[in-house]
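In what follows, a structure is listed as structure tokens, so that the remarks can point back to it.
Protein chains: 2
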Amino acid sequence: MYTREHFEKLDKQDPLAGFRDQFALNPGEIYLDGNSLGARPKKAAQRAAEVLEQEWGQDLIRSWNTHHWFELPYRIGDKIAGLIGADKGEVVCTDATGINLYKAVATALKLNPQRKVVLMEGSNFPTNNYMIQGLVAQLGSDFEVRFAEEHEFADKIDEQVAVVCLTQVHYKSGRLLDMQAITEQAQQKGCLVVWDLCHSAGALPVDLNAANADLAVGCTYKYLNGGPGSQAFIFVAKRHQNKVNQPLSGWWGHNAPFNFERDYQPGAGISQMLTGTQGILSLAVTEVGIDLMGAADMQQIRTKSQALTRYFIELVESQCGEYGFKLVSPRDEERRGSQVAFSHADGYPIMQALIDAGVVGDFRAPDILRFGFAPLYNSYADIWDAVQRFKEIMLTERWQEPRFNQRHAVT
Amino acid sequence: MYTREHFEKLDKQDPLAGFRDQFALNPGEIYLDGNSLGARPKKAAQRAAEVLEQEWGQDLIRSWNTHHWFELPYRIGDKIAGLIGADKGEVVCTDATGINLYKAVATALKLNPQRKVVLMEGSNFPTNNYMIQGLVAQLGSDFEVRFAEEHEFADKIDEQVAVVCLTQVHYKSGRLLDMQAITEQAQQKGCLVVWDLCHSAGALPVDLNAANADLAVGCTYKYLNGGPGSQAFIFVAKRHQNKVNQPLSGWWGHNAPFNFERDYQPGAGISQMLTGTQGILSLAVTEVGIDLMGAADMQQIRTKSQALTRYFIELVESQCGEYGFKLVSPRDEERRGSQVAFSHADGYPIMQALIDAGVVGDFRAPDILRFGFAPLYNSYADIWDAVQRFKEIMLTERWQEPRFNQRHAVT
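Quick mapping for you: the protein sequence lines, in order, are chains A and B. The opening position of the first sequence corresponds to residue 484 in the working numbering, with each subsequent residue numbered one higher. The opening position of the second sequence corresponds to residue 484 in the working numbering, with each subsequent residue numbered one higher.
In structure tokens form, the structure reads like this:
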């Protein structure tokens, strides 16, 4: 049996322990929802104030030059590239994930013009499916979205498929796909692969170029701690750049945006993936989180993440096992991202009671309790303390208080 | 001949004079570039700090409910609706202008499925043309963009045209189109009209529903003072809602986003125009500028704007007339937005010297000096002072100093 001391000792030995103090965390609260919205780096407030006071307030329109606003998507993109195994000039930070996915899959379809099928995982985070359903409807009736679950990939990735579009870590279960193997398998069938890294970037080592990845997208507001709704990113491998135009062809992707020419001419390289003017306040603040992540060792993050999720599963099962929680995440930690999901018929009120007790996870319909682990700010002692509170809620049946069953607009 | 006293007297009588103190302005600087990036409302800093400290920092993921992040596009949209003659439920604040234009024109094409031509103004702000060129390329070779300048509209708006897509106030010249007359003319030919209000919203009275407008888009970072790159807006008249789906169909536009269903089902009404997660920091701060504008009388704004532009033209022509500036904006103030453009072969270094002297306008290639007038924070005395500095620069030939001819990345 473990004691709290065991976890305190792990914290003392943790090479990442120093990062925790860089984040604004509520005293006494254990935040296990960084897979939905990452915690706020303390320096984000300072950066926002700079943009407000100096850049917008005083320098105003001159900031496009003096504070390099126009270059932010590239500068931040290059930093993200370093976190996901991409090269400089392969990533820009811009727009929302769904918008970038639309660009990426549209691009991939144009790069593979003999085929008309996009293969997606039906249980994926739905907006990905929605966006590509919208794209395909736009392209006409000879285009098609096909759905497959993981066990069907081998069969369904075939010579009809133009583009395989998958999320590496599943938003509900935390299941981690083998990017290298699937990319290779799909490319052998003549497909291109678009990877969604929303739950991988900053959570574990990703090496896009080692996997010979084609295109990818991802968000910065989860493990990269960029702030609520902060701009997403898009990756296009160098070998695919400058061949086709993505459809959202705005002036930021033009080869000479300040020439104000009538007709679109694509910018070189990754710049063509840009569309319109970005919300500078959100974008500038995003960089603070990216910089913090860039200062950490991704292998140390993975090692700690695996330990945190392993201990959490072990403790929940040993201390709350009798209450009928079922592990939904892979037990094999090599196949698990940085989150743990349990199913329970009363998952909703139990999660509300947990949040009330200062253990913040989230609920995903119909019955999933989801816990995310951010090695930069979650400690080992957090795991122990979270499960003690969890056990207390189950033991006292506090989750049955009617207030915990009141549904929120956003769950 | 005028004196400064004349303008000081006008300021004393100005019913909008009290708004100036609500903005962060640099002492001694005359900011005439609010048509590119509006000045910062002082309260924006406080709002940003709330989002940073309380909403993201402390309440974290709970803010989706407790601070109504998910509702911001609607709440701010309804406030914008009040500024442009739209009803509640017809406007959302989301994404960039170009992305919204793509949605709007794609929607309009679907609403008019027998026709395949989009008519645009070739001299329009280029990103509009670029976005629709991208859309049309996506839709296939039977679709077409046609260009017309204002004098050709009567001829070229014909029965082949599905969608007329025009910017009400021209970004270079400040020319104001007659929304009501053009809408009526186009609708008589069976076209739909998509209006771009980037240089109209907050600059002059716009009454979309009185003009029977179909769809519209616009930005919030110019006359609405929402902050650099703040989210844009999109308007769809009630009569056109719920009929077709726009192509960027993301989860924020789903009818039950938290059911996490596999297939897209459009949300009701204006919600279908939403796509993905918004940068909350930029979006929340945008509301401060919209609220300020909402507290002003739009007819008073127009009256003051016309006086400011009229005096500016008169003073530049009388005091700097000998230096060869040519008025590009309409002389008839009923046909002019809230900006004044002069052409001059040496426009670039002259504008740089003006900025150096604390008169901030901007330059648009090849030869346009552009000055925007924001009645909420520009005073009448600003006009007098700006032209005195302008005259001094021309008289002393200071603009010929080599440093003023060094080109910036962003002009």
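Ideal Cβ positions, reconstructed from N, Cα and C, are used throughout, including at glycine.
In the DSSP assignment, glycine 855 of chain A falls within the beta strand (DSSP E) that extends over 851-855. At least 9 Å separates the beta-carbon of glutamine 871 of chain B from that of glutamine 835 of chain B. Residue A:Ala686 holds the alpha-carbon nearest to the alpha-carbon of glycine 777 of chain A among A:Ala686, A:Ala620, A:His653 and A:Leu698. Interface annotation, asparagine 509 of chain B: in contact with chain A, CB-CB separation under 9 Å. Interface residue (Cβ-Cβ distance to chain A less than 9 Å): alanine 693 of chain B is not classified as such. Pairing proline 858 of chain B with lysine 787 of chain B, the inter-Cα distance amounts to about 6 Å. Residue environment for arginine 847 of chain B: buried (at least 16 other C-beta atoms within 10 angstroms of its C-beta). Residues of chain A with a Cβ closer than 9 Å to the Cβ of arginine 523 of chain B are, in chain order, Leu535, Glu536, Trp539, Gly540, Gln541 and Leu543.
Three or more Cβ pairs closer than 8 Å define a contact, and the segment 693-704 of chain B meets that threshold against the segment 650-667 of chain B. The DSSP-derived three-state label of isoleucine 773 of chain A is helix. Under the 9 Å criterion on CB atoms, glutamine 597 of chain B is classed as non-interfacial with respect to chain A.
Per the coordinates, the alpha-carbon of aspartate 625 of chain B lies some 56 Å from the alpha-carbon of proline 510 of chain B. In terms of beta-carbon proximity, valine 843 of chain B lines the interface with chain A, with at least one pair separated by less than 9 Å. Judged by beta-carbon spacing, leucine 535 of chain B lies within the 9 Å limit of alanine 531 of chain A, meaning their Cβ atoms are closer than that value.
Neighbours of valine 652 of chain A in chain B, taken as residues at a C-beta separation under 7 Å, are lacking, since the least C-beta distance is about 16 Å.
Rounded to whole angstroms, histidine 891 of chain B and glycine 855 of chain B show a C-alpha spacing of 20 Å. Taking C-beta separations shorter than 7 Å and ignoring five residues to either side along the sequence, the partners of tryptophan 678 of chain B in its chain run Leu649, Gln651, Met662, Ala696 and Ala699, following chain order.
DSSP lists B:Ser826 as the bridge partner or partners of lysine 809 of chain B. Ranked by Cα distance from glutamate 805 of chain B, the first of B:Leu878, B:Asn595 and B:Tyr831 is B:Leu878.
For methionine 614 of chain A, a Cβ of chain B is located within less than 9 Å of the residue's own Cβ.
Just measuring C-alpha positions, the residue of B:Leu594, B:Glu512, B:Ser606 and B:Gly517 sitting nearest phenylalanine 743 of chain A is B:Ser606. Taking C-beta atoms under 8 Å as the contact rule, tyrosine 704 of chain A and leucine 731 of chain B fail to qualify, at a distance of about 19 Å.
The C-beta of histidine 891 of chain A comes closer than 9 Å to at least one C-beta of chain B.
Counting only runs that start and end inside the segment 623-660 of chain A, the beta strand (DSSP E) elements of at least 3 residues fall at 627-630 and 644-650. The straight-line gap separating the alpha-carbon atoms of leucine 602 of chain B and glutamine 616 of chain B is approximately 11 Å. The segment 817-832 of chain A makes contact with the segment 791-808 of chain A: 3 or more CB pairs, one atom from each, lie closer than 8 Å.
Linking arginine 814 of chain B to leucine 515 of chain B through their CA atoms gives a straight-line distance of about 19 Å.
Segment contact: the segment 490-498 of chain B against the segment 861-871 of chain B, three or more CB-CB distances shorter than 8 Å; contact assigned. Taking a beta-carbon distance threshold of 9 Å, glutamate 744 of chain A counts as an interface residue toward chain B.
DSSP places tyrosine 485 of chain B outside both helix and strand once states are collapsed to three, so it counts as coil. For tryptophan 678 of chain A, the enclosing beta strand (DSSP E) begins and ends at 675-679. The beta carbon of glutamate 627 of chain A sits closer than 8 Å to those of Lys599, Val600, Val601 and Val619, all from its chain and outside the five residues before and after it, given in chain order. Under a criterion of Cβ atoms nearer than 7 Å, the residues of chain B adjacent to threonine 760 of chain A are, in order, Ala579 and Gly712. Contact between proline 556 of chain B and threonine 577 of chain B holds: their C-beta atoms lie close to 5 Å from each other, under 8 Å. Residues of the same chain with a CB within less than 6 Å of the CB of phenylalanine 502 of chain B, apart from the 5 flanking positions on each side, are Leu859 in chain order. With contacts defined by Cβ atoms closer than 9 Å, phenylalanine 873 of chain B and valine 842 of chain B form a contacting pair.
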